[in-house]
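Below: one structure, written as structure tokens.
2 protein chains.
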Amino acid sequence: MKEEYEFPLEDYMSRERFERMKRFSQDKTTPCLILDLDVVREKYEELRRNMPYAKVYYAVKANPNDEVVALLRDLGSCFDVATRFELDQLLRLGVTPDRMSFGNTIKKERDIAYFYEKGVRLYTTDSFEDVDKIARAAPESKVFFRILTEGLGADWPLSRKFGSHPEMTRNLILHARDLGLEPYGISFHVGSQQRDIGQWSTALGNVGNIYSWAEDQGVKLRMINMGGGFPAMYTDPTNPIEHYAGDIRSFLTNNFGDELPEIIIEPGRSMTGDCGMIVTEIVNIAKKSTHDLYHWVFFDIGKFGGLIETLDEAIKYPIYFEKSGPTLDIILAGPTCDSMDILYEKTPYEMPAGTKIGERAYILTTGAYTSSYSSIYFNGFPPLATYVMK
Amino acid sequence: MKEEYEFPLEDYMSRERFERMKRFSQDKTTPCLILDLDVVREKYEELRRNMPYAKVYYAVKANPNDEVVALLRDLGSCFDVATRFELDQLLRLGVTPDRMSFGNTIKKERDIAYFYEKGVRLYTTDSFEDVDKIARAAPESKVFFRILTEGLGADWPLSRKFGSHPEMTRNLILHARDLGLEPYGISFHVGSQQRDIGQWSTALGNVGNIYSWAEDQGVKLRMINMGGGFPAMYTDPTNPIEHYAGDIRSFLTNNFGDELPEIIIEPGRSMTGDCGMIVTEIVNIAKKSTHDLYHWVFFDIGKFGGLIETLDEAIKYPIYFEKSGPTLDIILAGPTCDSMDILYEKTPYEMPAGTKIGERAYILTTGAYTSSYSSIYFNGFPPLATYVMK
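Protein sequence lines correspond, in order, to chains A and B.
Take the position in the first sequence, starting the count at 1, then add 333; the result is the number in this note's numbering.
Take the position in the second sequence, starting the count at 1, then add 333; the result is the number in this note's numbering.
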């Protein structure tokens with residue numbers, strides 16, 4: 334038993350917003366994800382206000398919910414599209430192809446052709462083979478080149494799989510030009526939930542070098558795609574977006590002077606993470622042995638129901654229990670017959686000791702990278718149900 | 334470049350079976366999973382032949398495909414059921430409740446009531462709270478008690494989350510009896526894809542101790558549920574089922590003499606793993622830098638499309654490329670915009686150097702723990718399509 338349970342709810346959302354979302358969830362079966370679109374609107378406007386020089390390409394994969402996409406469409410956002418399936422969704426929702434980029438470096442030639450046929454003219458790339466495919470399937474399109482970054486400091490790093498080394502990127506630029514494509518810009522991604530703002534400085538330095546080199550080769554690059562990486566509010570502290578925006582603005586000026594190239598950002602997590610709250614029921618509270626120091630708390634949602642980002646306890650969601658009083662140290666796990674389906678074993682979480690089986694708990698900041706990850710039928714569980722608050 | 338590509342196809346299936354499955358897959362869009370039910374039948378019969386004293390409760394979660402379940406129903410199997418959703422499926426397929434156990438230690442009281450209402454009378458448990466729920470919602474039912482095992486040597490260990498320490502298990506037995514339930518047996522699970530047969534010896538020793546103790550308390554236990562753990566054929570070597578069966582039979586005799594209690598086994602992976610083959614298309618083959626020693630090979634299926642058990646490279650699927658000739662060392666990755674979606678980076682895999690983008694590759698032994706894990710819409714990708722070979 335420890336001291337009084339204190340959960341800093343107001344760090345994540347106002348008490349009033351929490352109560353509204355909770356009320357809305359009351360008649361819903363758990364587990365479910367509640368989305369508050371007002372938060373998406375606020376996040377979009379906040380980002381536009383802080384980085385007015387940057388064009389927003391929302392990373393659809395973070396939360397592909399139709400209503401989220403439709404709202405961002407109405408707010409004027411562009412879209413970073415990962416697959417032909419996302420493209421079909423966006424077209425169905427009336428997003429025009431000039432507001433899209435095919436932002437996945439891993440793509441089949443026939444999928445590139447499909448994007449081209451639908452009117453998309455902006456493609457990312459990071460390999461010779463992919464440039465060849467784009468040149469054949471989407472002739473004369475704009476391409477931007479993703480460079481490898483290290484992703485140090487990111488809670489969900491993206492370092493090794495995407496991008497090529499700057500030295501190879503230079504060869505790719507010339508190769509693309511020779512094949513009739515328009516070498517348009519350079520992209521990087523510092524890693525998702527990147528809490529070290531200095532990472533943008535390093536990356537922009539690399540981009541600056543490539544820009545100068547390209548100019549010497551007679552290639553005028555016009556765009557920088559700074560990817561995502563802006564944080565949502567999990568339990569580890571992060572800087573406010575103002576700090577990111579201010580620092581990044583000065584890194585840009587340092588490298589490119591006052592006349593900036595076209596700047597693109599691809600927020601996903603920072604746009605929709607905070608808008609979501611998962612409501613779960615406590616299925617069991619148990620000890621493994623008589624003198625166990627920990628209580629195991631089992632939720633009706635786990636890694637395979639949408640919380641896969643708890644892998645290696647990388648993303649630490651704020652979890653709110655409503656009782657007060659002394660607390661217990663807990664290990665949190667999901668409901669499936671898979672031992673991997675443990676949420677937090679090493680990260681300390683607490684629960685008011687008076688909490689009972691059958692009560693609900695609230696997992697905050699779960700609007701991004703949750704519902705679309707959830708498994709189709711593992712252990713028979715249906716995918717996570719999502720409700721947009723009205 | 335290395336020596337000639339040699340893939341030991343015949344270690345996993347006959348050339349003729351491979352050709353038949355390949356032919357069947359030819360007109361299907363990739364990625365897809367092809368199931369050969371003949372293999373399930375062979376596996377079931379092989380297990381029955383080798384362990385005639387054991388009742389098979391197929392772990393539905395391993396592969397819940399309707400046709401797989403229907404075949405095992407016709408072969409006389411019982412079923413280990415994880416959730417009310419699986420229960421509904423089994424009832425829909427005409428499996429009677431006397432052939433089922435509710436095999437998940439994490440369950441809501443209203444779900445227990447639902448099982449009870451449908452006629453299920455056999456429940457697993459590992460905590461006081463859960464015993465209380467069963468006593469209220471499924472009065473007078475048979476319960477079996479899962480004990481903690483360590484899972485050493487298992488490729489996919491199940492150690493910490495399920496079961497209670499033997500000392501607490503004793504208290505649970507008395508508690509269940511006092512609440513009018515029938516303490517029926519002891520269960521353990523040595524870990525999935527358990528390659529160390531000695532683990533069954535240790536576990537059965539623990540079970541033997543609990544049996545004797547219970548008898549002293551006037552409680553006659555009647556059943557031992559040895560769970561699963563029997564292997565499928567991945568790239569790491571395993572013993573044939575004959576060795577498992579022979580050794581386990583002698584561990585049983587050592588502990589329980591010639592008159593064995595009722596023996597239950599819950600094979601999942603060993604029943605359906607070998608029956609499946611995933612067909613994938615190579616989306617890209619690329620280097621990250623000019624002098625990269627590895628080629629990155631991107632499939633159109635990855636961790637989120639059904640290969641989640643490649644996490645930490647735990648399960649090493651045999652992957653067959655059809656070309657011959659010298660080989661390249663490769664890193665294998667999936668098609669999503671998630672850097673975690675890398676299949677094998679440390680485990681050495683080879684590919685014939687002449688393999689081309691757009692060709693297919695065959696991921697063997699993928700009949701268990703694949704399709705039902707696949708995500709509902711991550712990056713827009715639909716869940717893995719499954720076809721049963723006719």
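Backbone N, C-alpha and C define an ideal beta-carbon position, used for all residues, glycine too.
When only Cα atoms are considered, Arg-503 of chain A and Cys-365 of chain A end up about 47 Å apart. In the DSSP annotation of this structure, the continuous segment of the alpha helix (DSSP H) that includes Ala-509 of chain A starts and ends at 499-511.
Counted as a single uninterrupted DSSP element, the beta strand (DSSP E) harbouring Ser-520 of chain A occupies residues 515-520. Among the residues of chain A, those whose CB is under 7 Å from the CB of Glu-500 of chain B are Ser-622 and Thr-623, following chain order. Between Tyr-710 of chain A and Pro-397 of chain B the beta-carbon gap is near 6 Å, inside 8 Å, which marks them as a contact.
Contact annotation: Gly-700 of chain A and Gly-561 of chain A have beta-carbon atoms that are not nearer than 7 Å.
Interface annotation, Glu-575 of chain A: not in contact with chain B, CB-CB separation never under 7 Å. In summary, the residues of the segment 692-711 of chain B whose CB is separated from some CB of chain A by less than 9 Å are Tyr-702, Ser-704, Ser-705, Tyr-706, Ser-707, Ser-708, Ile-709, Tyr-710 and Phe-711, in the order they occur in the chain. Within chain A, the residues Ile-439, Ser-460, Glu-462 and Asp-463 have their CB atoms less than 7 Å from the CB of Asn-617 of chain B, given in chain order. As DSSP reads the structure, Gln-359 of chain B sits in no beta bridge. Taking Met-433 of chain B as the centre and dropping the five residues before and after it, the same chain places the C-beta of Phe-412, Val-414 and Val-453 closer than 6 Å to its C-beta, in chain order. Contact between Leu-717 of chain A and Gly-638 of chain A is confirmed by a C-beta separation of about 6 Å, below the 8 Å threshold. Residue nearest to Phe-563 of chain B within the set B:Ile-598, B:Asn-588, B:Leu-585 and B:Phe-589 is B:Ile-598 (criterion: CA-CA distance).
Counting the other Cβ atoms within 10 Å of the Cβ of Gly-713 of chain B gives 16 or more, which makes it buried. In the DSSP assignment, Tyr-456 of chain B falls within the beta strand (DSSP E) that extends over 455-458. For Ser-347 of chain A, the three-state secondary structure derived from DSSP is coil. Under the DSSP assignment, Thr-605 of chain B falls in the alpha helix (DSSP H) whose first and last residues are 602-605. According to the DSSP assignment, Thr-535 of chain A belongs to the alpha helix (DSSP H) that extends over 531-549. Counting C-beta pairs closer than 8 Å gives three or more between the segment 466-479 of chain A and the segment 518-528 of chain A, which meets the contact rule. The shortest CA-to-CA distance from Val-523 of chain A to any of B:Gly-635, B:Leu-585, B:Lys-388 and B:Ser-672 is the one to B:Ser-672. Counting every other CB atom within 10 Å of its CB across the protein chains shown gives Leu-368 of chain B a total of 16 or more, marking it as buried.
DSSP places Val-389 of chain B in the strand class (E or B) of the three-state scheme. In summary, Glu-442 of chain A is buried, with 16 or more beta-carbon neighbours lying within 10 Å of its beta-carbon over all protein chains present.
Here the alpha carbons of Arg-406 of chain B and Val-428 of chain B stand approximately 7 Å from one another. Taking a 10 Å sphere around the C-beta of Leu-661 of chain B, we find 16 or more other C-beta atoms and assign the residue as buried.
In chain order, Gly-518, Tyr-544, Leu-554, Arg-555, Met-556 and Ile-557 place their CB closer than 8 Å to the CB of Pro-594 of chain B, counting only its own chain and leaving out the 5 sequence neighbours on each side. Taking Asp-511 of chain B as reference, the option from B:Glu-473, B:Asp-459, B:Leu-481 and B:Thr-613 with the minimal CA-CA separation is B:Glu-473.
Non-local beta-carbon contacts of Asp-580 of chain B in its own chain, meaning distances under 6 Å to residues more than five positions away in sequence, involve Ile-530 in chain order.
Assignment of Arg-528 of chain B by DSSP, reduced to helix, strand and coil, places it in the coil class. Its chain contains Thr-458, Val-476, Leu-505, His-508, Ala-509, Leu-512 and Leu-514 as the residues whose beta carbon lies nearer than 8 Å to that of Val-464 of chain B, once the 5 sequence neighbours on both sides are disregarded; these appear in chain order.
For Gln-526 of chain A, the number of other beta carbons within 10 angstroms of its own is at least 16, and it is reported as buried.
Residue environment analysis places Asp-674 of chain A among the buried positions, since at least 16 neighbouring C-beta atoms fall within 10 angstroms of its C-beta. At a cut-off of 7 Å between C-beta atoms, Glu-337 of chain A does not count as an interface residue with respect to chain B.
For Arg-693 of chain B, the enclosing beta strand (DSSP E) stretches over residues 693-697.
Close partners of Gln-422 of chain A in chain B (Cβ separation under 8 Å): Gly-713. In chain order, Ala-565, Thr-698, Gly-700 and Ala-701 place their CB closer than 6 Å to the CB of Gly-606 of chain A, counting only its own chain and leaving out the 5 sequence neighbours on each side.
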